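Protein chains in written order, with the working numbering: chain A, 700 to 1109; chain B, 700 to 1109.
What follows is one structure encoded as structure tokens, with my remarks underneath.
Here's what the structure looks like:
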């Protein structure tokens, strides 16, 4: 089906500079889709460190298994990604298909297959046509160049309506460092884990164990705070590659004060990418930002936020532009986290609608109704028991979601 | 908005006999709706035992609080229920409004207010107009008669498209006993707890503590196995009243062998009622029965079943009549319960589509596609790790759900 671009899409794909040690390529391998690219390869300089955040699904895909096995070594020379087929629930044959593609890419680049990271996204339960991928690798290899970020982001799309990328300039010590990321995802989006495919590249020189510690925390505060439909994919993967081309001093700990700016820039960029995914939520007409305060802990606040963000009744009310805050109360109640009903307060669009467990005196719905008609909905909830806070993002639940998902395979 | 009757509705409301010790009445009190009844009263014989299953929501409504406080005594003389207003998140004033209505009903019937059980369903966050309820009580009292079950079921409806009731004839020892129930619910339906309003009446003579033990188990195997939208209400209430008019031998334990038939009949009837609620799921076009086997425990099996039943991607695929079993795999994976991906098997409509972690050899989709076009969808999943099993019910997720919930308050 033809998808129109989400009304919440950013105006344009960002200008993303090259990253020393990274070249990119994409081709149309015909894995499933016709008339578009569906295979993406990045070649990485020798010595590149890699860290990853992978789905916690117990029915994880073959590429996720492959990545999990090879992350321990922490070394990467390439990442190869196809769209159209998830290579999930394909049994031993599916795993063998994944291995074949990694071997072919490794041979083309001149590295062990174990240094080729893989990701696949699309239909579950159909065998990956490995031969089509293998046959496309020479052309892919030939097309490698430093700057084709937008093209790469397009090649990994499935039901996405726009390509997603982000870039940050930062420093480690006094040395300039760049971070670029591309990602895809619009449905089957929820923690944990990474909730989509995301590939992040930097020229920083950071050993694998430290890179992993930095990534885990940044993912927890970005991709793990978004939800479109509460469904966790079998394929969720975020990989962070550090080529080591930047000439900063050696990093020996994740707590190194020289890393402060880098870590902040990474978290900020991953949050930007995560919100782009919500903006492309299947059928999304509104971006919803939910701030929970006063919870027992940050974790409790996030769980309450996600209970609100995942409630079909809250999401349909927002789609209907109905300031039905009673459903927010319901969602807080079902979260299972401690909340004091009689100290609960709720604001929508900055207007307090309820406090101390009841509607505010003389509640005037007018400004709230006006806010509900906008594209960016802000909900604040204070649950009145502690100091834990969290921010999560979601979108509304509309007819578009049903249109897209009632006919995905056709 | 005008709602058309669900295509999954039973052909007719069952013929329900009177129950000794129970009289019923309903009136139009104008709590919120115009031109329909919205207030239901049952008067119960002196000595009636009561047991209850109440929402676990931490933002429970005032009537739920009232019931929780009074269930400890185990004695009931009446139950008073309004539709149109949930009296939830209404603070101290809401609780006072609930007390006022219980006092008025107690005075009319001649019992302490604490023996009047209450339930309210409808919009959250608006104060219950207690005066309207209190004013209607004389007319309600005057209308009490033994047999108006269908009228009572209608009075408690909100977005329901048909009234819901069930009846069973059973025995305790050799003595015939009747059980009747009415219920409402079509959205905001999920465990735990009771997931809707249900009022069950029997002429059995069972002490409160034993009645509670019996009800808890039966609810766990019926109402707690259904879901429409994963949202748990602030008002979920199931109350079971036993008037004691049947002349069977005294019951001294829930394990009494004389209770075997009664317990089975109660569970069967509550399951019937629970499925009626799913059949009236907001926007439902298909009833979905999910059998999970091979799980680590019955509890694990139910959790896996509900993960499938609550997945928006599974539910929209069913709405689209798409046999997209990959989404079932995804839902099993996200349930958090132990499953062996490589021993997982899935059948749809009795046809095996996947086994041992992959599509069956030579999978022919034709019979499965035909099954997906029917009203009753059967999904069987064996997760290959143990002997735990559970059956859960849900409905598909359609445009109708969005229509209803995007404009509920208007």
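The beta-carbon is built from N, C-alpha and C at its ideal position, and this holds for glycine as well.
As the structure is a computational prediction, the values presented were derived from the model and not from experiment.
Give me, in chain order, the residues of the same chain whose beta-carbon lies closer than 8 Å to that of residue 845 of chain A; leave out the 5 immediate sequence neighbours on both sides.
717, 718, 721, 722 and 723
Please identify, using Cβ separations under 9 Å, the residues of the stretch 818-844 of chain B that lie next to chain A, in order along the chain.
822, 823, 824, 825 and 826
Residue range of the unbroken alpha helix (DSSP H) whose run includes residue 1054 of chain B
First-last for residue 1054 of chain B: 1050-1054, but that is the beta strand (DSSP E), not the alpha helix (DSSP H).
Mind checking residue 707 of chain A: buried by the 16 CB within 10 Å criterion, or exposed?
buried
Find the nearest neighbour of residue 786 of chain A within the set B/1056, B/943 and B/772, judged by alpha-carbon distance.
B/1056
Indicate whether at least one CB of chain B lies closer than 8 Å to the CB of residue 788 of chain A.
yes
Check whether the stretch 906-919 of chain A touches the stretch 822-836 of chain A, taking contact to mean three or more Cβ pairs, one atom from each stretch, closer than 8 Å.
no
Any idea if residue 875 of chain A is buried or exposed, counting beta-carbon neighbours within 10 angstroms, 16 or more meaning buried?
exposed
Could you confirm whether any beta carbon from chain A is found closer than 8 Å to the beta carbon of residue 758 of chain B?
yes
Given 8 Å as the limit, is there contact between the stretch 1081-1088 of chain A and the stretch 971-987 of chain A, that is, 3 or more CB pairs closer than that?
no
Could you give the first and the last residue of the continuous beta strand (DSSP E) run that contains residue 851 of chain B?
That residue, residue 851 of chain B, is in no beta strand (DSSP E); its alpha helix (DSSP H) goes 848-854.
What are the residues in the stretch 792-814 of chain B lying within 9 Å of chain A by C-beta distance?
792 and 793
My assumption, with CB atoms under 8 Å, is that residue 820 of chain B sits in contact with residue 782 of chain B. Please give the rounded CB distance.
5 Å
Taking a contact to mean a Cβ-Cβ separation below 8 Å, would you say residue 705 of chain A touches residue 915 of chain A in this structure?
no
Min CB distance residue 1093 of chain B to chain A below 8 Å:
no
For the stretch 1060-1085 of chain B, which residues have a CB atom closer than 8 Å to at least one CB atom of chain A, in sequence order?
none
Over what stretch of residues does the alpha helix (DSSP H) that includes residue 949 of chain A continue unbroken?
Careful: residue 949 of chain A lies outside any alpha helix (DSSP H) and carries neither H nor E.
In DSSP terms, what residue 717 of chain A is bridged to:
Partner(s): none; residue 717 of chain A has no beta bridge.
4 or more residues per run - each alpha helix (DSSP H) lying fully within the stretch 910-996 of chain A
959-978
Distance check for residue 991 of chain B and residue 855 of chain A, CA to CA, integer angstroms please.
34 Å
Run down chain B in chain order and give the residues with a C-beta less than 8 Å from the C-beta of residue 895 of chain A.
Under the 8 Å cutoff, chain B gives no residues; its nearest Cβ is about 14 Å from residue 895 of chain A.
Among the candidates A/1032, A/895, A/1054 and A/1034, whose CA atom is the shortest distance from the CA of residue 1042 of chain A?
A/1054
Hey, does residue 1051 of chain A have any beta-carbon neighbour from chain B nearer than 8 Å?
no
DSSP beta-bridge partners of residue 722 of chain A:
A/742
Distance, Cα to Cα, residue 994 of chain B vs residue 942 of chain A?
45 Å
Alpha carbon of residue 1026 of chain B to alpha carbon of residue 823 of chain A, nearest angstrom:
7 Å
In chain B, what lies closer than 7 Å to residue 1096 of chain A by C-beta?
1101
Measuring CA to CA, which of B/1017, B/1030 and B/1031 is closest to residue 1068 of chain B?
B/1017
Taking buried to mean at least 16 other C-beta atoms within 10 Å of its own C-beta, is residue 734 of chain B buried or exposed?
exposed
Between the C-alpha atoms of residue 778 of chain A and residue 937 of chain A, what's the straight-line distance to the nearest angstrom?
11 Å
Let me know if residue 791 of chain B comes out buried or exposed under the rule of 16 or more other beta-carbons within 10 Å of its beta-carbon.
exposed
Does the beta-carbon of residue 1014 of chain B have 16 or more other beta-carbons within 10 angstroms, so that it is buried, or is it exposed?
buried
Over what stretch of residues does the beta strand (DSSP E) that includes residue 766 of chain A continue unbroken?
That residue, residue 766 of chain A, is in no beta strand (DSSP E); its alpha helix (DSSP H) goes 761-770.
Hey, does residue 1055 of chain A have any beta-carbon neighbour from chain B nearer than 8 Å?
yes
Three-state secondary structure (DSSP) at residue 710 of chain A?
coil
Answer with yes or no whether the minimum CB distance from residue 1002 of chain B to chain A is below 8 Å.
no
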